[in-house]
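**Student:**
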Amino acid sequence: MVTESDVVEGLREIYDPELHYNIYDLGLVYDIRIQEDRSVKITMTLTTPMCPIGPMITEQIQELLSLMPGVTDVDVEFTFDPAWTPERMTDEARADLGLD
28 MVTESDVVEG
38 LREIYDPELH
48 YNIYDLGLVY
58 DIRIQEDRSV
68 KITMTLTTPM
78 CPIGPMITEQ
88 IQELLSLMPG
98 VTDVDVEFTF
108 DPAWTPERMT
118 DEARADLGLD
């Protein structure tokens with residue numbers, strides 16, 4: 028069965044095309060839920076509400092996670108509450124992007 032750690036590792040392979048950093052360590056992923064039926068639900072945000080990459084990111088997440096053994100479905104939901112800020116990034120991401 029797929030685990031949250033498996034999903035996190037998968038999400039670290041998907042990069043924000045503007046910041047050139049993975050969406051997980053950027054702090055864009057707010058919640059990961061693995062349901063009893065082995066479907067995966069990702070709640071995430073984008074750097075701004077008008078960011079045009081939402082559909083592209085959704086497609087990448089769905090394609091990548093659906094290849095994981097046992098995953099039956101992938102749902103990506105966007106929220107802007109709370110709004111994303113650089114403080115949501117991992118320390119490593121902030122350092123790599125020169126924000127420390």
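Numbered as in the numbering used here, the sequence shown ends at 127 without a single skipped number.
Just so it is clear, CB atoms sit at the ideal spot from N, CA and C, and this is done for glycine as well.
Computed from a predicted structure; not experimentally measured.
(1) Mind checking Gly54: buried by the 16 CB within 10 Å criterion, or exposed?
(2) Can you give me the start and stop residues for the beta strand (DSSP E) that Met71 sits inside?
(3) Using 8 Å as the Cβ pair cut-off and three pairs as the minimum, do the segment 71-90 and the segment 29-46 touch?
(4) Mark Asp52 as exposed unless 16 or more other C-beta atoms lie within 10 angstroms of its C-beta, in which case mark it buried.
(5) Would Val67 and Leu92 qualify as a contact pair, given that the criterion is a beta-carbon distance under 9 Å?
(6) Please state whether DSSP places Val56 in a helix, a strand or coil.
(7) Does the distance from the C-beta atom of Val98 to that of Arg60 stay below 9 Å?
(8) Is the CB-CB distance between Met71 and Val34 below 9 Å?
(9) Could you tell me the distance, in whole angstroms, from the CA atom of Met28 to the CA atom of Asp100?
(10) Nearest to Gly88 by alpha carbon, out of Asp118, Ile50 and Ala120?
**Tutor:** Taking the structure as given:
(1) Locating residue 54 in the sequence shown gives position 27, counting from the first residue. Buried, since its Cβ has 16 or more Cβ neighbours within 10 Å.
(2) The residue labelled residue 71 in the question sits at position 44 within the sequence shown. Taken as a continuous stretch (DSSP letters only), the beta strand (DSSP E) holding Met71 covers Ser66 to Met71.
(3) At 8 Å Cβ cutoff, the stretches touch.
(4) The residue you call residue 52 lines up with position 25 of the sequence shown. It is buried - the Cβ of Asp52 has at least 16 other Cβ atoms within 10 Å.
(5) By one-based count along the sequence shown, residue 67 stands at place 40. By one-based count along the sequence shown, residue 92 stands at place 65. Against a cut-off of 9 Å, the Cβ pair of Leu92 and Val67 comes out as a contact.
(6) Here residue 56 refers to the residue found at position 29 when the sequence shown is read from its first residue. Val56: strand per DSSP, three-state reduction.
(7) On the sequence shown, position 71 is the one that residue 98 refers to. On the sequence shown, position 33 is the one that residue 60 refers to. Cβ atoms of Val98 and Arg60: not closer than 9 Å.
(8) In the sequence shown, counting from the first residue as 1, residue 71 sits at position 44. In the sequence shown, counting from the first residue as 1, residue 34 sits at position 7. Taking 9 Å as the Cβ cut-off, Met71 and Val34 do not qualify as a contacting pair.
(9) Against the sequence shown, residue 28 aligns to sequence position 1. Against the sequence shown, residue 100 aligns to sequence position 73. Answer to the nearest angstrom: the Cα atoms are 13 Å apart.
(10) Here the question's residue 88 lines up with position 61 in the sequence shown. For the sequence presented, residue 88 should be read as Ile rather than Gly. Comparing Cα-Cα distances from Ile88 to each of Asp118, Ile50 and Ala120, the minimum goes to Ile50.
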